[in-house]
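If you're matching positions, the sequence shown starts at 1 in the UniProt record's numbering and goes up one per residue.
Backbone N, C-alpha and C fix where the C-beta goes; we use that ideal spot for every residue, glycine too.
Note that this is a predicted model, so its numbers are computed, not measured.
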Amino acid sequence: MAGQELKSNIEYIICSVCNGSGKNKHGLDCPDCAGMGLGVFWEGAFYYWGPKLGLAVIKLSHLKRKINIIVNICSFLIGLAGLLALGWWFWTNNGLAEYGGDIEKLAFWRVKNWLILFFWISMIFSLFVFYRLSEEEVLKQKIKKLTYESRKRMVALPNNWDELKKYNARIDVSAGYSEEAMAVVEKAYILAQSLKHGQVAIMHLFYSLFTDKTVLAFFSRLNVNKKDLFNIIKNRITGIQDKGKTELSLSVKKVLIASYILALNLKQNKVKVLNLILPCNYQDKVLAEILYDLAIDNDKIINCLKWFIIDDEMMARYRIYRKMARFKPGSNMDRAYTAVATPVLNHFAYDLTLAAKWGRLEFCVARENEIKKIFQQLESGHTGVILYGEDGIGKNSIVEGIAQMMVEEDVPKILKDKRLIKLDVSRLISGAIAAKAQERLLVIIDEIIKSGNIILYINNIENLVGITAGDEESMDLSEVLVEAIERKNIFCLATATNQNYVNYIEDTSLGAIMANIKIKEPDINEAIQIVESKIGPLEFKYKVYFSYNAVEDVIKLTAKYIHDEFLPAKAIKILELVAVKVAQTKGEAVMVDRNDIAAVISEVTGIPLLKITEEESDILLNLEAKIHERMINQEEAVNMVAASLRRARAEMSENKRPIASFLFLGPTGVGKTELAKTVADIYFGSEKNMIRLDMSEYQHQDSIGKMIGETGSRGYLTEAVRKAPFSLILLDEIEKAHKDILNLFLQVMDDGRLTDAGGRTIDFTNAIIIATSNAGAVFIQEQLRAGINIEMIKEDLINEYLNKVMRPELLNRFDGIIVFKPLSMANVEAIAGLMLKGIGKMLEAKGIRMKVAREAVKKLARAGFDPKFGARPLRRLLQDKIENVIANKILSGELVRRDTLVIDSSAEIKIEKRQKL
């Protein structure tokens, strides 16, 4: 990134005699550095700030600019008046009939009319204006762009100031400043002088930036309160105590030079006002802290700057490409007129360079490294390069970016004056037998060889593999292409997905002859810049506006929560959904913020991503009480689980592992599964968001195929997590699983991911894993009856029982190993009360009230309690004695709406009939 290069690579050279001021003690140019003061070597040239600002110089410059404007306006008005005079003369003297198209008849000495004389004088003024405007455009120095070839040239650099004064490649960066940017610098000087400050500090410069409307728009995109920031900077300036004759400080000179280099790296024609923001932030630590408190860092500044640059380029795209591409042939011919027509290729292909010339291709952004690798491969002698990577990461966009660079001739020599042609493989092979398709491809290759100015591009090249005429002598279509590439007769670029590359290309002659470059998913900042280039059309289409925070969040949240698609494609898809929703719900001309992004991603993934509300905050802080509404006893388990959920919701847990992983130990029926269900309901929104695996079904080694899939089928676990990554995974009776199955979960709890049989990486970082085990259940009961401390029981349990069925490495990966205590009679009574309350809620939905006597709860609890099976028999008892009876009474019509169902002290059901209305 240009911003990172700016910070890490710039080393300023400061004159030791004048200490960077460029002046001696008499106010004249320093003889040692020739008035340059300080500067920097960058890409073979020396950059410095030349102007010596002063109030008189600034006022004179402003006066000169005003006089020029007045002269131009007056000359234009005189020219316009001359045209009006000519028109009036025609109207009043029937001049059109007398003129007859003969310009000599309009000579003022023949017509002898003052209107005609004035017209000819006005023409002189019109030509004068045209000349002045043309000269002004020529005199405006633009930044000389660094081309691919110029970056490769090595230049010997001077070792001292004496050599530097004779060095030809010296550039005064002020010449590359736009009028608006120079005006900001002058305003900063005037501000410092008006406050009688001895030096123009960075704070003066930054304060002056707010006089430009693009800066206000810039901070609006960043969701910054401009007034607050302006006042903070203003207060910092008033606190400056520096007095003396005003001049530019060294730090401001460094900013001005760095801004030019930033514009140079970003391929801008001029230093714009926005280019000053990032260097200011680098040079002034106090300013950096002020912006940091407003959630603005260097990455945000450079990304937002690139957004504005992209918008400017899109606005002027047609004009830019017409200018840059006017010498690029618009036909099939090269400049030397040596190319040969390619009618068959033209029928089956699309000219990307021609599309780039007329601005029909989308911008290729943040792909400089990948394009550089392609150029290096071509320059090293390879005539074929294949790009492979996942769908949606931008392989095709990279090739289109090369087409745009070919139009601008910013490419290696071997690609200059060439056409980049995209072959439509599906069209090539459609409606034709293999032999016919082979014949077409041979003709196309022959045309490319004869033309001599074509680079062939084949998207999804695997479609050529395996197509053959069928007889022993026939060649695979890909072999036809390989033969041409191997003889270096053609240049070929191609793309393929990861899986297709491995399955069809890697071990073939095509994979051997073509250099391969793996295209990876862009990082966060690269993805932000790519998505920014797509925002303009979305804003225009849906009449909504995106803040920078919204763009940043869509990248980070899709990267974190959507794993079966890839950046930038998945982020762009979400942005369009957001734009549609905001336009429909909030109307036009509204700003899309991060909450809008979070809401849509929550809808798509089912993950609660919206900002934590006060209501949710209360629930999280009182999570133990919420869980105990469904769970009785087991305080340690509840407390540990609640703490892990709070950490996850506050984003305080690691992103490389599951949210939490627990091993629940204890006898049957003590609440291990019930706690897992409760967590799924509270944190994931529903008990349905629980993936339950009975590990007794995975006792054999070949069960791995059921878990992660095998050839021709998908695994139960990997597919379930891929479709619902935000889930609770319950591994019931984990001790019964085969050791190889347990090794899979060792990887999951360590890396937060698992690769299925199809080679897809499944993400587990948004899941909670709970494993249950009955191992040592009798031992736990005996030790508790003996009064042994729970921690000692846990330690003995791990050493005596668990280490025999699970590897110590796996046990150490669990965030917590929790021993569930057997239930007491008081616990069972409380559980019975909860179950009856649940039955009461179901009846309430039907308009029926329910009353339960306290003695009935105790009687049912005693009848349903089994020390061996815990509370499970209680559920069956309530179904038999209560729920079945209620169901029969409802079906028979004995129990109807507004009736009251009473469970008396004998646990018998009675009905109190409703009163008639």
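{"Check": "Test item: CB-CB of Ala-356 and Gln-404 under 7 Å", "Outcome": "yes"}
{"Check": "Whole-angstrom C-beta distance between Phe-308 and Thr-214, which should lie under 8 Å", "Outcome": "7 Å"}
{"Check": "Three-state secondary structure assigned by DSSP to Val-273", "Outcome": "helix"}
{"Check": "Segment limits, alpha helix (DSSP H) that includes Val-670", "Outcome": "Looking at the DSSP string, Val-670 is not in any alpha helix (DSSP H), and its letter there is neither H nor E."}
{"Check": "Cα-Cα separation, Ile-769 to Asp-311", "Outcome": "46 Å"}
{"Check": "Trp-89 versus Trp-49 - alpha carbon distance", "Outcome": "56 Å"}
{"Check": "Close Cβ partners of Asn-549 (< 6 Å) along its chain, the five nearest in sequence each way excluded", "Outcome": "Asn-223 and Arg-594"}
{"Check": "Continuous beta strand (DSSP E) stretch holding Asp-351: start and end", "Outcome": "349-351"}
{"Check": "Pro-808 burial status per 10 Å Cβ neighbour count (16 or more: buried)", "Outcome": "exposed"}
{"Check": "Contacts around Gln-376, its chain only, beta-carbon distance under 8 Å, and the 5 residues preceding and following it disregarded", "Outcome": "none"}
{"Check": "Delimiting residues of the beta strand (DSSP E) encompassing Thr-900", "Outcome": "900-903"}
{"Check": "Gln-915 - DSSP class collapsed to helix/strand/coil", "Outcome": "coil"}
{"Check": "Close beta carbons around Arg-876, own chain, < 8 Å, minus the five adjacent residues each side", "Outcome": "Gly-864"}
{"Check": "Secondary structure of Thr-585, DSSP reduced to three states", "Outcome": "helix"}
{"Check": "Sequence ranges, alpha helix (DSSP H) only - wholly within the UniProt domain \"AAA+ ATPase\" (381-525), length at least 4", "Outcome": "395-407, 425-429, 434-451, 477-486 and 509-513"}
{"Check": "Straight-line gap, Arg-335 to Ala-341 (C-alpha atoms, nearest Å)", "Outcome": "Because the pLDDT at Arg-335 is just 45, under 50, the model does not fix this residue reliably, and the value given afterwards should be weighed accordingly. Cα to Cα, Arg-335 sits roughly 14 Å from Ala-341."}
{"Check": "Own chain partners of Ala-304 with C-beta closer than 7 Å, once the 5 adjacent residues on each side are dropped", "Outcome": "Residue identity differs from the one stated: residue 304 is Cys in this sequence, not Ala. The residues are Phe-218, Arg-221, Leu-222 and Tyr-548."}
{"Check": "Residue interval of the alpha helix (DSSP H) (run including Tyr-177)", "Outcome": "Taken as a continuous stretch (DSSP letters only), Tyr-177 belongs to no alpha helix (DSSP H), as it is neither H nor E."}
{"Check": "Pick from Glu-379, Lys-165, Tyr-388 and Asn-803 that is closest to Gly-511, judged by C-alpha positions", "Outcome": "Tyr-388"}
{"Check": "Neighbour-count burial assignment, His-563, 16 or more Cβ in a 10 Å radius", "Outcome": "buried"}
{"Check": "Heavy atom of the ligand MN within 6 Å of Ala-263 beta-carbon", "Outcome": "As presented, the structure is devoid of all ligands, the ligand MN included, so that no description of it is given."}
{"Check": "Ser-194 versus Arg-65: straight-line alpha-carbon distance, rounded", "Outcome": "22 Å"}
{"Check": "Local conformation of Leu-256 per DSSP, three classes", "Outcome": "helix"}
{"Check": "Within the stretch 704-766, ranges of the beta strand (DSSP E) (whole runs, at least 3 residues)", "Outcome": "728-732, 753-755 and 761-763"}
{"Check": "Reduced DSSP category for Ser-686 - H, G, I as helix; E, B as strand; rest coil", "Outcome": "coil"}
{"Check": "Nearest residue (CA-CA) to Ala-907, options Ala-737, Val-857 and Asp-880", "Outcome": "Val-857"}
{"Check": "Own chain residues within Cβ distance below 8 Å of Leu-621, not counting five before or after", "Outcome": "Arg-646"}
{"Check": "Cβ neighbours of Glu-912 in the same chain (closer than 7 Å, five flanking residues each side left out)", "Outcome": "Asp-899, Thr-900 and Val-902"}
{"Check": "DSSP state of residue 947 mapped onto helix, strand, coil", "Outcome": "With the chain running from 1 to 917 in the structure shown, residue 947 is simply not present."}
{"Check": "Inter-residue spacing [alpha-carbon to alpha-carbon] between Lys-837 and Ala-845", "Outcome": "13 Å"}
{"Check": "Option in Leu-493, Val-344 and Thr-353 with minimal Cα separation from Val-443", "Outcome": "Val-344"}
{"Check": "Pairwise C-alpha distance: Ser-174 and Pro-51", "Outcome": "7 Å"}
{"Check": "CA nearest to the CA of Ile-78, picked from Pro-158, Tyr-282 and Ser-122", "Outcome": "Ser-122"}
{"Check": "Limits of the alpha helix (DSSP H) - the one that Leu-83 falls within", "Outcome": "55-92"}
{"Check": "Per-residue DSSP class, three states only, for Leu-645", "Outcome": "helix"}
{"Check": "Which listed residue (Thr-761, Phe-125 and Tyr-716) has its alpha carbon closest to that of Ile-694", "Outcome": "The sequence given here has Asp at residue 694, not Ile. Asp-694 has its Cα closest to that of Tyr-716, out of Thr-761, Phe-125 and Tyr-716."}
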